[in-house]
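Residue numbers (the working numbering), protein chains in the order written: chain A, 4 to 463; chain U, 23 to 623. Positions of the beta carbon are idealized from the N, C-alpha and C atoms, including for glycine.
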Amino acid sequence: MERADTIAAISTPHGVGGVAVIKISGPDSKAILESCFSPAKRRFPSPPRDVSFGRVHTADGKFIDEAVGLFFEGPRSYTGEDVAELQCHGGTAVARAILTEVISRGARQARAGEFTRRALMNGKMPLIKAEATLAIINARTERARAMASDLIGGSYEMEAYELKRGIIDALAKMEARLDWPDELMDEETAAVDASSIADLEGKVRGMIEEQSRGRLLIDGLKVAIIGRPNMGKSSLLNRILGMDRAMVSEIPGTTRDTVEETANIEGIPIRFADTAGIGSTDDPLIEAGVQRAKKAALTSAVVVYVAAFPQGITEEDVREIRRLEGKPLVIALNKSDLKGLSGERVNSGHQDPGIPGCEVIEVSAKTGSGMKELFRAIAEKASSIGGHEQEGGYSARWISCLEGCLASLARAKGALATKAPPELACADLREAAYAIGELLGDTTTDDVLDVIFDKFCIGK
Amino acid sequence: MRKGYDVIVIGLGHAGCEAALAAARLGADVLALTLRRDSIARMSCNPSIGGPGKSQLVREIDALGGEMGSAADDCYIHVRMLNSAKGPAVRAIRAQIDKASYQARMAAALESQPGLEVAEAELERVHIESGRVTGATIRGEKVSCRAVVLCSGTYLGGKTYIGEDVREGGPEGFPASALTPSLLDEGIRFMRFKTGTSPRIASDSIDYGRMELQPGEDLPYCFSNIRKPLKRDQEDCWITYTNERTHAIIGDNIDRAPIFSGLIKGVGPRYCPSIEAKVVRFAGKHRHQLFVEPITRGGREKYVAGLATSLPRDVQDRIVRTIPGLEGAVITKYGYAIEYDCVDPSQLDHRLGFRHIEGLFSAGQSNGSSGYEEAAAQGLVAGANAALWIKGCPPLLIGRDQAYIGVLVDDLVMKGTDEPYRMLTARAEYRLALRQDNADMRLTSEAVRIGLADEARKAAFEKKLKFKEALTSGPPADTGSEAGLTEEEMWLMQCVKESLELDGIYGGYIEKERRMAAAFRRLEQQPIPEGADYKSMYRLSAEAREKLFERRPSSIGEAYRIPGISPSDIAALIIHLRQEANPDGRRLQGDIEGRLIGDRR
Numbered sequence: 004m005e006r007a008d009t010i011a012a013i014s015t016p017h018g019v020g021g022v023a024v025i026k027i028s029g030p031d032s033k034a035i036l037e038s039c040f041s042p043a044k045r046r047f048p049s050p051p052r053d054v055s056f057g058r059v060h061t062a063d064g065k066f067i068d069e070a071v072g073l074f075f076e077g078p079r080s081y082t083g084e085d086v087a088e089l090q091c092h093g094g095t096a097v098a099r100a101i102l103t104e105v106i107s108r109g110a111r112q113a114r115a116g117e118f119t120r121r122a123l124m125n126g127k128m129p130l131i132k133a134e135a136t137l138a139i140i141n142a143r144t145e146r147a148r149a150m151a152s153d154l155i156g157g158s159y160e161m162e163a164y165e166l167k168r169g170i171i172d173a174l175a176k177m178e179a180r181l182d183w184p185d186e187l188m189d190e191e192t193a194a195v196d197a198s199s200i201a202d203l204e205g206k207v208r209g210m211i212e213e214q215s216r217g218r219l220l221i222d223g224l225k226v227a228i229i230g231r232p233n234m235g236k237s238s239l240l241n242r243i244l245g246m247d248r249a250m251v252s253e254i255p256g257t258t259r260d261t262v263e264e265t266a267n268i269e270g271i272p273i274r275f276a277d278t279a280g281i282g283s284t285d286d287p288l289i290e291a292g293v294q295r296a297k298k299a300a301l302t303s304a305v306v307v308y309v310a311a312f313p314q315g316i317t318e319e320d321v322r323e324i325r326r327l328e329g330k331p332l333v334i335a336l337n338k339s340d341l342k343g344l345s346g347e348r349v350n351s352g353h354q355d356p357g358i359p360g361c362e363v364i365e366v367s368a369k370t371g372s373g374m375k376e377l378f379r380a381i382a383e384k385a386s387s388i389g390g391h392e393q394e395g396g397y398s399a400r401w402i403s404c405l406e407g408c409l410a411s412l413a414r415a416k417g418a419l420a421t422k423a424p425p426e427l428a429c430a431d432l433r434e435a436a437y438a439i440g441e442l443l444g445d446t447t448t449d450d451v452l453d454v455i456f457d458k459f460c461i462g463k
Numbered sequence: 023m024r025k026g027y028d029v030i031v032i033g034l035g036h037a038g039c040e041a042a043l044a045a046a047r048l049g050a051d052v053l054a055l056t057l058r059r060d061s062i063a064r065m066s067c068n069p070s071i072g073g074p075g076k077s078q079l080v081r082e083i084d085a086l087g088g089e090m091g092s093a094a095d096d097c098y099i100h101v102r103m104l105n106s107a108k109g110p111a112v113r114a115i116r117a118q119i120d121k122a123s124y125q126a127r128m129a130a131a132l133e134s135q136p137g138l139e140v141a142e143a144e145l146e147r148v149h150i151e152s153g154r155v156t157g158a159t160i161r162g163e164k165v166s167c168r169a170v171v172l173c174s175g176t177y178l179g180g181k182t183y184i185g186e187d188v189r190e191g192g193p194e195g196f197p198a199s200a201l202t203p204s205l206l207d208e209g210i211r212f213m214r215f216k217t218g219t220s221p222r223i224a225s226d227s228i229d230y231g232r233m234e235l236q237p238g239e240d241l242p243y244c245f246s247n248i249r250k251p252l253k254r255d256q257e258d259c260w261i262t263y264t265n266e267r268t269h270a271i272i273g274d275n276i277d278r279a280p281i282f283s284g285l286i287k288g289v290g291p292r293y294c295p296s297i298e299a300k301v302v303r304f305a306g307k308h309r310h311q312l313f314v315e316p317i318t319r320g321g322r323e324k325y326v327a328g329l330a331t332s333l334p335r336d337v338q339d340r341i342v343r344t345i346p347g348l349e350g351a352v353i354t355k356y357g358y359a360i361e362y363d364c365v366d367p368s369q370l371d372h373r374l375g376f377r378h379i380e381g382l383f384s385a386g387q388s389n390g391s392s393g394y395e396e397a398a399a400q401g402l403v404a405g406a407n408a409a410l411w412i413k414g415c416p417p418l419l420i421g422r423d424q425a426y427i428g429v430l431v432d433d434l435v436m437k438g439t440d441e442p443y444r445m446l447t448a449r450a451e452y453r454l455a456l457r458q459d460n461a462d463m464r465l466t467s468e469a470v471r472i473g474l475a476d477e478a479r480k481a482a483f484e485k486k487l488k489f490k491e492a493l494t495s496g497p498p499a500d501t502g503s504e505a506g507l508t509e510e511e512m513w514l515m516q517c518v519k520e521s522l523e524l525d526g527i528y529g530g531y532i533e534k535e536r537r538m539a540a541a542f543r544r545l546e547q548q549p550i551p552e553g554a555d556y557k558s559m560y561r562l563s564a565e566a567r568e569k570l571f572e573r574r575p576s577s578i579g580e581a582y583r584i585p586g587i588s589p590s591d592i593a594a595l596i597i598h599l600r601q602e603a604n605p606d607g608r609r610l611q612g613d614i615e616g617r618l619i620g621d622r623r
């Protein structure tokens, strides 16, 4: 029967660093290691696991780098298979060279997340942990990493187990009354009432919120910066990013294409799109850019609309803003350094866009004033969006399990309130417990298997 | 006794009686053995049948053509519907049975069954050659047979305890069976369990005025699916309680209690603990409920349910006298505990036959269950399957989604049990659908298929189906059709009406359960090919590979229920199977189809 092949990858992120790690997993790991690594130790590797300093070389003996070699005999390794590691000097070229060597000896470049996939399929870690591992790999901000670390550390898993226990406790009390109808029911064994189920509902809601927030931290959001020409949008983006990425010039319409860049706004990775100024224009090139800008606004989760002093928010601004109806919006009133300069009253020409819940933040890209306020407003708007509106990923699965649980708990509460036959509330509580079981991977239903197969591309 | 039979049934307790009758009714030539004729269908413990979980079992036994239901209907002296204020799925009939009439009634059924011979004898040894049953040694003589059904109850290696008094032997002083060693030789694994019983009290020494009366009820139906129970005068039950003084005496003498002194090693039932266990475990509880139950109509003795104990006799005397109404009680028979060997049921398949020994079946308390109803249900399944196997017919296999009997067998066989197993409604995932009132709708067709439904049952069921058709498709108040019906038919119609109403109460929940049951069926129907090579499935843990190799599950659903197999093992198993199927899909498809056809031949 066909065995798994041997995969390899550079485990450390690309770029300069002190150490790079090349990981190899699969039946040929040991052979590959022995063929390109000359250990200083005699008899390396000795089972079940071993480490040795040594030299990595090419097939024809040319020296590549000094490295530390490790070997873990399966199943007691990360993936459950034989695993070898080469820890060499960090530096893209060196790591690449070693990886190329390893691949030429019979390994295949690992796909994203493939080591974790193998760990999952070999029963080395439960589903929820595998998903958390992927989260930590994808964490781009410290907040995200901290949250993902929590997940790996198992706090989320523990919370889920606690919740499951709580549901089963409630269920057990109800079942006891059904199977022992004659027994005395004292205070200790008093019937589960609606308030204890409400407690459980609260816990589930908290977990959903946590997930949504976490989702945000990992995946981030797309935010479009739009506005009429020459409102200083690019300058504003530069200021946000802290570097001179977008083209800034006096001539309106300089940013022809959308520029995307990611910034860390209060721990949320936000992809900003700076777009060509919208508003009517005759230049066809600019017009194309304008269309792209409108599209960017549509596909973003939050829009920052930039108007500027001294004009303030004009009628045309208000029209454009109205077109964004329904979109979470922050209005940045740029060039606040020009406020009152023309001697006009601050409010002249300044229209009230009349959109509830939409903050107007006065900023100056030039001086940096108001930027913190702007960040806060953007982060708030981003957080208010439910994370589960984003497609795909493990969070969607978790949130869907939790929402299923919540619905079942609500039904159980309803059943108790309407004095329906108690076994119906029991059926609902069982469903709720089952949903948490699915979250934890305790129960392998077809759905969960499909997720595993889809997400982890097994069997291709 | 002749030289040869088709089936030999060891023991005529509740499992043995059903096994013997089922096998004989399916046309097998049956020899049923009992150590003493007067212990046939004896209720050694609580003289009652039914209760939550158990009532459903008895209605199902009846629907399948078993005897317990109609025997209980004939012999009850007190009956009540429990949980009547709760939903229909958890309502249960509980009946107090006249112990003596019940025994006589069952003995008569055995006597009058063609193809069934009852003998008072001990079976010393089962003969197994090349993994197949060939016969048995009875009274020193070799008797040949093709199948043996073991229903020895608590008799294997039985030891009775009252305080420090330990005796070899089964209940009521009967000798223990020495069958265990020869079965051990065949590689059969045993467990050691314990169960207990309460003292019996002289009826005229009880002060009923100090206890709470619980009268019987007139129920529209009892355990039979096809016959209305005869109305009768009922005996009363009485409720009383232990109190602090009772508990104090137990506490003071706890070191003399065999389960706490270490004398008894066997594991007792969690759901039916002795009074000393209750007092120790639920130390905060001020009182425990007791039921004073009639044993026979107008009988001299009453049974005190809830007071199971193996404390020394003198302690039992003192305990009893602290209980309201029993201050002057005279104990006619002391409570005792019995320790016994029982078969580890995980060695059995869903027919209740041993996987590694052809023709050997096992049923009842000797499989680690507790309760007459659980025993009888297993007896019916094992006896029927012994006969069906001999005839080369497809087996009687009941799924968890079909009946409580299915839950019982599946739990025992797939999960095993580490304490005496008692049926509870909580064990059934599809509780809303498995009600006592719809047992026949779920099972009669199975009974007809294998041949356990007699003409009367078939006829009654046909009528019920017609009524159901009329009631569900016709106009609601179809009073016209009620005109020409006999009293019996009216009763059947009423039963159907009630069932339909009860279905309605659950509404969408039943739908949901059905969908879950369908999902369950799908997993059950995802077959694992016969020659699945577990040892080569490198993704599975070593433990999982071992267990799968030993249990040889026939479907993913079954594999799932093996304890110690984790969901990631199942996922890995599916991956291996899918990968195996991919390269040569058609070949494997053929294997799978062949297997399915084989099972349904």
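Of the residues assessed, residue 136(U) falls on the exposed side of the cut-off, its CB having fewer than 16 other CB atoms within 10 angstroms. For residue 402(A) against residue 167(A), the beta-carbon gap comes to about 17 Å, at or over 8 Å, which does not count as contact. With its beta carbon less than 8 Å from one in chain A, residue 447(U) belongs to the interface. Sequence-distant Cβ neighbours of residue 469(U) in its own chain, meaning closer than 6 Å and more than five residues away, are 86, 87 and 475. Here the segment 307–314 of chain U does not lie against the segment 369–377 of chain U, with fewer than 3 beta-carbon pairs under 8 Å apart. For residue 430(A), the C-beta contacts it makes with chain U under 8 Å involve 453, 454, 531, 534 and 535, in order along the chain.
According to the DSSP assignment, residue 215(U) belongs to the beta strand (DSSP E) that extends over 212–218. Restricting attention to 233(A), 64(A), 32(A) and 111(A), the CA atom closest to the CA of residue 72(A) is found in 32(A).
Taking a Cβ-Cβ cut-off of 7 Å, the neighbours of residue 111(U) in chain A comprise 426, given in sequence order. Per the C-alpha coordinates, the member of 52(A), 55(A), 48(A) and 37(A) positioned closest to residue 61(A) is 37(A). Going by DSSP, residue 182(U) is part of the beta strand (DSSP E) stretching over 181–184.
The alpha-carbon separation between residue 14(A) and residue 23(A) amounts to approximately 7 Å. The beta carbon of residue 199(A) lies closer than 7 Å to those of 173 in the same chain, with the five residues before and after it left out. Every unbroken stretch of the alpha helix (DSSP H) spanning 4 or more residues and falling wholly within the segment 39–120 of chain U is given here in chain order: 76–85 and 90–97.
For residue 30(U), DSSP records a beta bridge to 53(U) and 170(U).
Using beta-carbon distances, residue 527(U) counts as an interface residue toward chain A, with a partner under 8 Å. Chain U has no Cβ within less than 8 Å of the Cβ of residue 172(A).
The three-state secondary structure of residue 337(A), taken from DSSP, is strand.
Around residue 350(U), the same chain offers 227 and 229 as residues with beta carbons nearer than 7 Å, after the five sequence neighbours per side are excluded. The beta carbon of residue 178(A) sits closer than 8 Å to some beta carbon of chain U.
For residue 371(A), same chain residues with a beta-carbon under 7 Å away, outside a window of 5 residues either side, are 242 in chain order. Secondary structure of residue 242(U) (DSSP, three-state): coil.
Around residue 48(A), no beta-carbon contact reaches into chain U at under 9 Å, the shortest distance being about 21 Å. By the Cβ test, the segment 353–363 of chain U is in contact with the segment 332–344 of chain U, since at least three Cβ pairs between them sit closer than 8 Å. In the structure shown, residue 425(A) adopts helical secondary structure according to DSSP, grouped into three states.
Contact with chain A is absent for residue 69(U), since none of that chain's Cβ atoms lies less than 8 Å from the residue's Cβ. The count of Cβ pairs closer than 8 Å, one atom from the segment 407–422 of chain U and one from the segment 58–74 of chain U, stays below three, leaving the stretches out of contact. Chain U has no Cβ within less than 8 Å of the Cβ of residue 85(A).
When beta bridges are read from the DSSP output, residue 163(U) appears opposite 160(U).
Annotation: the continuous beta strand (DSSP E) that includes residue 91(A) extends over 86–92. Assigned with DSSP and collapsed to three states, residue 142(U) falls in strand. Contact between residue 392(U) and residue 517(U) fails: their C-beta atoms lie close to 30 Å from each other, not under 8 Å. Annotation for residue 203(U): no beta strand (DSSP E) segment contains it, though the alpha helix (DSSP H) segment containing it runs 202–207.
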